[in-house]
Amino acid sequence: MRFSKAYIPTTKESPKDAQLPSHIYLSRAGFVTQVASGLYNFLPLGKRVLRKIETIINEEMERSGALEVDLSFVTPAELWQESGRIEKFGKELLRFRDRKDNLFVLGPTHEEMMVSIVRNRITSYKQLPLNVYQVKTKFRDEARPRFGLMRAREFVMKDGYSFHSTTEDLDREFDAMEAAYKRILERLGLTFRIVEADSGAIGGTGSKELMVLAQSGEDTLAVCDTCEYGANVEAARRAIRTAIPEAPQADFARFKTPNVKSIDDLSAFFHVDPYYTLKAVVMRAVYTEGSEPVCFFIRGCDELQEVKARNSVGAIDLVDISEAELRDIGLVPGFMGPLDQDKIRFVMDNDTKNATSMICGANEADYHFVGVDLSVMGDVAFADLSAVQAGDGCPHCAGKLLHTKGIEVGHIFKLGTVYSVPLKAEFLDENGRSQPFIMGTYGMGVSRLVAAVIEQHHDDKGCIWTHATAPYLVNVMVSNIKEEAHLAYAEKLYETLGNNGIEVILDDRKERFGFKMSDAELIGFPFTVIVGKELNNGQVQIMVRATSEMITVEADNVIAKLTELIG
RNA sequence: CGGGGCGUAGCUCAGUAUGGUUAGAGUACUUGGUUUGGGACCAAGGGGCCGGAGGUUCGAGUCCUCUCGCCCCGACCA
Numbered sequence: 012m013r014f015s016k017a018y019i020p021t022t023k024e025s026p027k028d029a030q031l032p033s034h035i036y037l038s039r040a041g042f043v044t045q046v047a048s049g050l051y052n053f054l055p056l057g058k059r060v061l062r063k064i065e066t067i068i069n070e071e072m073e074r075s076g077a078l079e080v081d082l083s084f085v086t087p088a089e090l091w092q093e094s095g096r097i098e099k100f101g102k103e104l105l106r107f108r109d110r111k112d113n114l115f116v117l118g119p120t121h122e123e124m125m126v127s128i129v130r131n132r133i134t135s136y137k138q139l140p141l142n143v144y145q146v147k148t149k150f151r152d153e154a155r156p157r158f159g160l161m162r163a164r165e166f167v168m169k170d171g172y173s174f175h176s177t178t179e180d181l182d183r184e185f186d187a188m189e190a191a192y193k194r195i196l197e198r199l200g201l202t203f204r205i206v207e208a209d210s211g212a213i214g215g216t217g218s219k220e221l222m223v224l225a226q227s228g229e230d231t232l233a234v235c236d237t238c239e240y241g242a243n244v245e246a247a248r249r250a251i252r253t254a255i256p257e258a259p260q261a262d263f264a265r266f267k268t269p270n271v272k273s274i275d276d277l278s279a280f281f282h283v284d285p286y287y288t289l290k291a292v293v294m295r296a297v298y299t300e301g302s303e304p305v306c307f308f309i310r311g312c313d314e315l316q317e318v319k320a321r322n323s324v325g326a327i328d329l330v331d332i333s334e335a336e337l338r339d340i341g342l343v344p345g346f347m348g349p350l351d352q353d354k355i356r357f358v359m360d361n362d363t364k365n366a367t368s369m370i371c372g373a374n375e376a377d378y379h380f381v382g383v384d385l386s387v388m389g390d391v392a393f394a395d396l397s398a399v400q401a402g403d404g405c406p407h408c409a410g411k412l413l414h415t416k417g418i419e420v421g422h423i424f425k426l427g428t429v430y431s432v433p434l435k436a437e438f439l440d441e442n443g444r445s446q447p448f449i450m451g452t453y454g455m456g457v458s459r460l461v462a463a464v465i466e467q468h469h470d471d472k473g474c475i476w477t478h479a480t481a482p483y484l485v486n487v488m489v490s491n492i493k494e495e496a497h498l499a500y501a502e503k504l505y506e507t508l509g510n511n512g513i514e515v516i517l518d519d520r521k522e523r524f525g526f527k528m529s530d531a532e533l534i535g536f537p538f539t540v541i542v543g544k545e546l547n548n549g550q551v552q553i554m555v556r557a558t559s560e561m562i563t564v565e566a567d568n569v570i571a572k573l574t575e576l577i578g
């Protein structure tokens, strides 16, 4: 491609709405333009990057035996009514009617459609397993699209679905998909972690997220500094604590603690480590039908992890509750404890099981119990409720957990029969009995990956594409096109590189050196060959974008050097 | 969906508190000339329903009401 013939509208100014590096640079360098909230146009460069990612995904899917399909973007609403998700998705589903007044939705994901193409066609265990996928535009009418391509309403996703007759076979495929996804991200040149994720309300038996590590990531991860363990904080576990503060000496007693309400107050009042205090957090748990207040007890040194708390009671949501409401129930804010407490449902953190020497509220204004032995609690609900903190021990090795930020670019999920049962998608097993398909689902955000590459690879000058994602690997830049010898050399180099299968662009624009250099850096081609005045000495320079290195090479040795650099 | 902010040239923004020449700058664009290794300079041009509707006024980019759009924080996000 010749730059002079290309359509690459670069700008000096960033769009005022852009915040993230990926959004700023992808706009400034002419990869995308915004159309409306959460809607983007891909210009020629952006489209090339998108296609490169898709190609790698397709190659790895082919390699792992998955079959590509392409399902209708517009899907009949009946399918969504059948699965019950039309209510669950709510306003995120963009609905509309056709001329015959039939209701349709734009597909936000394709579980229903995928099940529909398989059911009644795959009817025997002999036809299983099956793994089908597509790379397709999706639409979710997000309440708040943001961060450019990172959270758009219209986006490109690879979504795959596998169908199995046994959970063992699902496990095998799940592992195969994890390996395939890992290869895809490695080929793209990204630094990532595969982490354990919250399976959430959808149930299923396991899910993992693929997280591209970047400061701007929306998810917080707990990762081990020694082994491969990593988890979304929503699902992170930690080793049983070994460094335990010295226990306070106290017999069980009811102690007057006037106006001592917070953990800090309590800890200061008794000169005791917060580890030995019990924190009460009351929230209203909202269920599909109805709601109730629930009290979660954790150690004073811990923080409640809301997703874990929500899962522990099977709620779909937890909302804050006012002190006035607590009083109405008969609770005493600041002095709540689990002993002799029958006003509301409560759940205790696993780490409080059999805890001794504890201080907790006495459910009476200005009184706490000290020297509490929680093993007396016996048969109450325990669950993992607390948030993993930086420095906590890894559950798999002796390492420490650290917090880091990640961009969720993939999510693989063991669905089990969550969709096949309501959609009545069944096959006959070896014994001639009808069974629902056991399913897995494997998603990857293709357009989000475009942004993720830049979030992870940029500097203050612009994009730094990895070799596999670059719109063009080599930019041949003619410093001054009026120098006929320079232009002629560049033309020849451009042609030769192209003939050698290297994706190359020739910057033959009638612009000045600085202008073209800035564009090369903003766009982020991995290598720019500068053909300019050095050519008079028989030399050219290669700028390596990632390192800003300038390599001077003999003019007739450029291809060899580039080949070496590309590796 | 709650809270906050912003809509003026292709883009980035002044101008709006206190209504009053022909609505500005930078950049981008067109033409001519000079320049040519880090977003050049000179000159001459084109480009605006001041988001939209209604109102107040002799007069509205500016004041009032309504509306639409976009961004940020939060809630939400199989």
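Counting from 12, one number per residue, gives the positions in the first sequence under the working numbering.
We put the CB at the ideal spot given by N, CA and C, even for glycine.
- The Cβ-Cβ distance between Phe308 and Asp360 falls below 8 angstroms.
- Annotation for Ser445: the continuous beta strand (DSSP E) segment containing it runs 445–447.
- Scanning the segment 272–314 for uninterrupted beta strand (DSSP E) segments of 3 residues or longer gives 289–297, 302–310, listed from N- to C-terminal end.
- If you compare the alpha carbons of Glu103, Phe538, Leu434, Ala566 with that of Glu122, the shortest gap goes to Leu434.
- Contact between Met188 and Ile423 holds, with the beta-carbon distance rounding to 5 angstroms and staying under 8 angstroms.
- Only residues of its own chain outside the window of five on either side were considered, and among them Lys425, Gly451 have a CB closer than 6 angstroms to the CB of Phe185, listed in chain order.
- Spanning the alpha carbons of Asp276 and Val464 requires a straight line of approximately 47 angstroms.
- Take Val551, set aside five residues on each side of it, and the residues of its chain with a beta-carbon closer than 7 angstroms to its own are Val540, Ile541, Val542, Glu545, Val564, Ala566, Val569, in chain order.
- Rounded to whole angstroms, Val324 and Leu221 show a C-alpha spacing of 27 angstroms.
- Closest in alpha carbon position to His468, among Asp112, Leu54, Val223, Ser83, is Val223.
- Within the segment 362–438, the complete beta strand (DSSP E) segments of 3 residues or longer fall at 369–372, 378–383, 412–427, listed in chain order.
- The DSSP-derived three-state label of Ala225 is coil.
- Judged by DSSP in its simplified three-state form, Leu350 adopts coil rather than helix or strand.
- Under the three-state reduction of DSSP, Lys111 is assigned to coil, being neither helix nor strand.
- The segment 267–287 makes no contact with the segment 320–337; the number of CB pairs closer than 8 angstroms stays below 3.
- Of Val487, Pro447, Cys238, Tyr453, the smallest CA-CA separation from Ala409 is found for Cys238.
- For Leu90, the closest of Ser458, Phe42, Tyr430 by C-alpha to C-alpha distance is Tyr430.
- When the Cα atoms are used, Arg110 and Gly118 turn out to be separated by approximately 19 angstroms.
- Between Phe536 and Val485 a beta carbon distance of about 7 angstroms is seen, short of the 8 angstroms cut, so the two are scored as contacting.
- For a cut-off of 8 angstroms, the C-beta gap from Glu153 to Gly311 is around 37 angstroms, too long to register as a contact.
- As the crow flies, the alpha-carbon of Glu314 is around 5 angstroms from that of Ala398.
- Taking C-beta atoms as the reference points, Val129 and Leu141 count as a pair closer than 8 angstroms.
- Judged by DSSP secondary structure, Val457 falls within the alpha helix (DSSP H) whose first and last residues are 457–467.
- In the DSSP assignment, Phe203 falls within the unbroken beta strand (DSSP E) covering 203–207.
- In the displayed model, Ala187 falls within a helix according to three-state DSSP.
- Taking a contact to require three or more Cβ pairs closer than 8 angstroms, the segment 157–171 and the segment 452–462 qualify as touching.
- Judged by their CB atoms, Val234 and Arg204 are nearer to each other than the 8 angstroms cut-off.
- For Phe42, no alpha helix (DSSP H) run applies, since DSSP gives it neither H nor E.
- The beta carbon of His407 sits closer than 6 angstroms to those of Cys238, Tyr240, all from its chain and outside the five residues before and after it, given in chain order.
- The straight-line gap separating the alpha-carbon atoms of Leu37 and Leu54 is approximately 10 angstroms.
- Nearest neighbour of Pro259 by Cα position, chosen from His282, Lys27, Glu495, Ser227, turns out to be His282.
- Per the coordinates, the alpha-carbon of Ala501 lies some 23 angstroms from the alpha-carbon of Thr21.
- By the C-beta density criterion, Pro256 is exposed, having fewer than 16 other C-beta atoms within 10 angstroms.
- When DSSP states are grouped into helix, strand and coil, Lys147 belongs to the strand group.
- Cα atoms of Ile340 and Ile64: separation of roughly 56 angstroms, rounded to the nearest angstrom.
- Ala291 is the residue among Lys58, Ala291, Arg523 whose C-alpha sits nearest the C-alpha of His379.
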